[in-house]
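One structure is given below, encoded as structure tokens.
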Amino acid sequence: MRIALTRAVSAGIGRCELTHLERRPIDVERARHQHRRYEECLRDLGCRVQRLPEEPELPDSVFVEDIAVVLDELAVITRPGARSRRGERRSIAAALEPYRPLRRIRAPGVLDGGDVLALGRDIYLGLSTRSNRDAAGQLHAAVAGCGYTVTEVEFRGCLHLKSAVTRVGEDTLLVNPEWVDAGVFRGLRCVAVDQREPMAANALRVGTTVLVGAEYPSTGERLVAQGIEVRPIDASELAKAEGGLTCCSLVFEAGEVDGCT
Ligand code: CIR
Numbered sequence: 490m491r492i493a494l495t496r497a498v499s500a501g502i503g504r505c506e507l508t509h510l511e512r513r514p515i516d517v518e519r520a521r522h523q524h525r526r527y528e529e530c531l532r533d534l535g536c537r538v539q540r541l542p543e544e545p546e547l548p549d550s551v552f553v554e555d556i557a558v559v560l561d562e563l564a565v566i567t568r569p570g571a572r573s574r575r576g577e578r579r580s581i582a583a584a585l586e587p588y589r590p591l592r593r594i595r596a597p598g599v600l601d602g603g604d605v606l607a608l609g610r611d612i613y614l615g616l617s618t619r620s621n622r623d624a625a626g627q628l629h630a631a632v633a634g635c636g637y638t639v640t641e642v643e644f645r646g647c648l649h650l651k652s653a654v655t656r657v658g659e660d661t662l663l664v665n666p667e668w669v670d671a672g673v674f675r676g677l678r679c680v681a682v683d684q685r686e687p688m689a690a691n692a693l694r695v696g697t698t699v700l701v702g703a704e705y706p707s708t709g710e711r712l713v714a715q716g717i718e719v720r721p722i723d724a725s726e727l728a729k730a731e732g733g734l735t736c737c738s739l740v741f742e743a744g745e746v747d748g749c750t
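Here the sequence shown stands for residues 490 to 750, numbered as in my numbering.
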């Protein structure tokens, strides 16, 4: 069974962290409506949505992706780069514990899940204002026994690595080439976003379907032209908090896989 772990939008989302965006008022009810539609879409694609209750004191807590890296064999609870987000860990760890053995990133490491792009056994970690080399070493130590490699990636212009690149097919990535050098991801086909839609690269693949921001129709068309099934989804209010489509869920199979040393 495929689980999608989510969390209700915080009443405090207007006080979210912002790095590359100007602060604009966020309509909480509109954000909640969009978030519920997002969850419905995940359900429709066969996920069992497990929604954690709202955390009014944790403005960014809807962006659960940053708090854990869930692999088939284990989950790594991160140490978010923004101090204001560290209180999000307790409830995410409790929610994941029934499904996976847990490992943790510890100080001085910092890591946001949005910087982690796992492609099979190849894990790419974006070095950013939120994720550092110390955490890359800790992540490597946690997962090497399961046969994963961790490659550090430089990028620019956006918050997280997955703002710049996400997986949209078995061997296909959606990339904003202004923000990351696609040559890093050897052997994979890259589809570039329409340059008028720089934020479009954060797409969420569930099974063989890809959720793409409804605000980015031209990039969506590029994916359709590649034979990819696309679901446009409006997350424009959450985007004001600098969050995209991958950020709002942790999607994983319920059953863990044994066999790591
Ligand atoms: C933050 O700055 O932490 C939030 N306002 C946005 C986090 C978005 N998460 C993601 O891209 N994985």
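Note that the Cβ used here is the ideal one computed from N, Cα and C, for glycine as well.
Report all residues from its chain with a CB closer than 6 Å to the CB of residue i; omit the five preceding and five following residues, and keep chain order.
i      : result
Leu510 : Glu731
His524 : Val498
Phe644 : Gly615, Leu650, Ala653, Trp668, Val669
Ala671 : Val664, Cys679
Tyr613 : Leu606, Thr640, Val642
Arg574 : Asp549
Val593 : As written in the sequence, residue 593 is Arg, which differs from the Val given in the question. Taken in chain order, the residues that qualify are Ile566.
Arg532 : Val538
Ala631 : Val565, Arg592
Ser580 : Leu541
Thr750 : Gly634
Quick one: grab the DSSP three-state call for residue i.
i      : result
Gly559 : One point to set straight first is that residue 559 is Val, not Gly, in the sequence displayed. In the structure shown, Val559 sits in a strand (DSSP, three-state: E or B).
Tyr527 : helix
Cys679 : strand
Gly702 : strand
Ile717 : coil
Ile581 : helix
Arg711 : helix
Thr697 : coil
Val664 : strand
Val673 : helix
Leu547 : coil
Ile566 : strand
Ala493 : strand
Val498 : coil
Cys536 : strand
Glu745 : coil
Leu727 : helix
Taking the alpha carbon of residue i as the point to measure from, which residue in the options has its own alpha carbon closest?
i      : options                        : result
Leu563 : Pro545, Pro587, Arg575         : Pro587
Leu746 : Val559, Cys530, Phe674         : The sequence shown places Val at residue 746, not Leu. Closest by alpha carbon: Val559.
Glu726 : Arg720, Asn621, Asp683, Cys737 : Cys737
Gln684 : Ser620, Gly602, Pro706         : Pro706
Ile722 : Lys729, Leu734, Ala607         : Leu734
Ala703 : Tyr527, Leu507, Glu659         : Tyr527
Gly598 : Thr567, Leu606, Ala500, Thr698 : Thr567
Ser617 : Leu739, Leu600, Arg656         : Leu600
Glu686 : Arg491, Val553, Leu663, Ala633 : Leu663
Arg656 : Leu606, Lys729, Arg622         : Leu606
Ala571 : Glu544, Ala582, Pro542, Gly602 : Gly602
Val538 : Arg491, Gly716, Ala690, Cys749 : Arg491
Ile619 : Arg593, Cys647, Val713         : Note that residue 619 is Arg in the sequence shown, not Ile. Checking every option, the nearest Cα to that of Arg619 belongs to Cys647.
Gly501 : Cys530, Asp660, Pro514         : Pro514
Ala743 : Arg521, Asp555, Leu585         : Leu585
Asp561 : Arg622, Gly634, Ala596         : Gly634
Leu494 : Ile594, Ala582, Asn691         : Ala582
Arg610 : His629, Leu507, Leu693         : His629
Gly658 : Met688, Leu591, Cys530, Leu608 : Leu608
Leu693 : Asp623, Phe741, Arg595         : Phe741
Arg519 : Arg540, Thr508, Gly503, Glu544 : Gly503
Ala714 : Arg675, Ala728, Asn691, Val682 : Val682
Spatial neighbours of residue i within its chain, please: CB distance less than 7 Å, with the 5 preceding and 5 following residues excluded, ordered by chain position.
i      : result
Thr698 : Leu534, Glu718, Arg720
Pro542 : Ala497
Phe552 : Gly732, Cys736, Cys737
Arg589 : Val559, Leu563, Ala564, Glu745
Asp660 : Leu677, Arg678
Glu546 : Gly501
Gly696 : Leu534, Gly535
Cys530 : Leu700, Arg720, Ile722
Arg596 : One point to set straight first is that residue 596 is Ala, not Arg, in the sequence displayed. Cβ within range, chain order: Arg568.
Ala625 : Leu614, Val639, Glu641
Keeping to the same chain, check which residues put their C-beta closer than 8 Å to that of residue i; ignore five residues upstream and five downstream.
i      : result
Pro569 : Asp555, Ile556, Arg575, Glu577, Arg578, Val599, Leu600, Asp601, Arg619
Asp604 : Leu614, Gly615, Leu616, Ser617, Arg619, Ser620, His649, Leu650, Lys651
At a threshold of 6 Å, does residue i count as lining ligand 2 (C-beta to nearest heavy atom)?
i      : result
Gly732 : Ligand 2 is not part of the structure shown, which contains ligand 1 as its ligands.
Length-filtered (4 minimum) alpha helix (DSSP H) runs lying within the stretch 591 to 657:
622 to 632, 650 to 653
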